[in-house]
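Participant: Structure below; questions to follow.
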Amino acid sequence: MIRSITAIFSYLIRGGRGRSVPRFPPIIPAVIISITIICALFGKYIAPYDPEESDLINRLQPPVWHEEGDWSHPLGTDKLGRDMLSRIIIGSRVSLSVAVLALALGAFIGVSAALMAAYFRGWVENVIMRVVESLQPLPIIFIGMILAIVFGPSFWNVIIAMAFIVWARYCRSLRGEAVSIMERDFVLLAKVAGASSFRIMFRHLLPNIANTIMVLITLMVGWAILSEAVLSFLGAGIPPPTPSWGRMVSEGRDYVATRLWLSTVPGTAVVLVVLAFNMFGDWLRDRLDPKLRQM
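Each residue of the sequence shown is one higher than the last, beginning at 707 in the working numbering.
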């Protein structure tokens, strides 16, 4: 009985247990990711209220599970009377937009740098890898704060700060795999046949590291969402009144002793979405691993 319950729980959370790789993704993370994407795409039509509209008469209204709560605002309202549920829904669009754009820009730069380093080798590889190593220790908060001080907090500053850091991680993770592919026979035959450098890199190298790129992007979505939340919490991210999960947590910290839901509700949303993407990325990594897929 206990083993059966453990197996069911493991499948729901992680999609299975042991060394075997489940055919389908873990159910609970997949549901959370699906709900987040739906809210991001159709939040304007799903949100019951305007997330930026103030209603001072209903300010600091508790959530529905509180004895003074009301179903008109299931998750309560903030200090300006704005509906928390609507802000959570619209905030998912901000978090996913930042994550997708930042990771896409970082992936484009990082993958291109990794392919160039693997193909040309020599001084080109040395220069690229020295730049990568110099960027590795830099925290995203440091870059985000500098951009916020110089240009002011904005949506695009967060994206640029993330892409500036994340491309080096892509390059470092992909360069070794691309180097090993360069030594295979089909690449050598393409060189002998007179294929151009561009064709070899993007026709032969890129498709063979596509699985690794997909896994890296999936695993880094959670990091990007969490980084955006941290920057917004510190005031260097998305400027008000645009709803942002990190800024919602920051705005509720002055009411932690009396209105705990102002911070815990958006904080819970961040935790659930980040864990869901991390678990989904773990499943995708195992699923795309040829050794585990054959078991």
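A virtual CB, placed ideally from N, CA and C, is assigned to each residue, including glycine.
#1: Classify F983 as helix, strand or coil using the three-state DSSP reduction.
#2: Quick check on the DSSP output: what are the complete alpha helix (DSSP H) runs of length 4 or more inside the stretch 783-827, in order along the chain?
#3: Quick one: measure Cβ to Cβ for I1028 and L911, integer angstroms, because I've assumed they're closer than 8 Å.
#4: With distances taken Cα to Cα, identify the nearest neighbour of L894 among R993, V962, I763 and Y825.
#5: If you count every other CB in all the chains shown that lies within 10 Å of the CB of T1009, and 16 or more means buried, which is it?
#6: Does the contact criterion of 3 or more C-beta pairs under 8 Å hold for the stretch 924-938 versus the stretch 970-981?
#7: So what's E883 in DSSP terms, helix, strand or just coil?
#8: Can you list, in chain order, the residues of its chain with a C-beta nearer than 7 Å to that of P845? Leave out the 5 residues immediately preceding and following it.
#9: Could you check which residue in F908, R909 and L747 has the C-alpha nearest to that of S801?
#10: What are the start and end residues of the alpha helix (DSSP H) that includes E934?
#11: Excluding the five sequence neighbours on either side, which residues of its own chain have a C-beta within less than 7 Å of the C-beta of G724, listed in chain order?
#12: Can you check which of these residues, D891, V898 and S969, is closest to G958 by C-alpha distance?
#13: Return the first residue and the last residue of the alpha helix (DSSP H) that D891 is part of.
#14: Tell me which residue opens and which closes the alpha helix (DSSP H) that Y751 is part of.
#15: Find the nearest neighbour of G943 within the set E759, A810 and G797, judged by alpha-carbon distance.
#16: Can you give me the Cβ contacts of F870 inside the same chain, cut-off strictly under 7 Å, excluding the 5 residues immediately before and after it?
#17: Around the Cβ of W829, are there at least 16 other Cβ atoms within 10 angstroms (buried) or fewer (exposed)?
#18: Check whether the stretch 807-822 and the stretch 761-772 are in contact - that is, three or more C-beta pairs closer than 8 Å.
Facilitator: Quick look at the numbers:
#1: helix
#2: 790-826
#3: The question about residue 1028 has no answer, for the chain in this structure spans 707 to 1001.
#4: Y825
#5: The shown model of the chain, from 707 to 1001, leaves out residue 1009, and the question about it has no answer.
#6: yes
#7: helix
#8: none
#9: L747
#10: A916 to F939
#11: Reliability fails at G724, whose pLDDT of 48 lies under 50, so the model's placement of it is uncertain and the value that follows must be treated cautiously. The answer is none, since no qualifying residue turns up.
#12: S969
#13: D891 to V898
#14: I733 to I752
#15: G797
#16: I849
#17: exposed
#18: no
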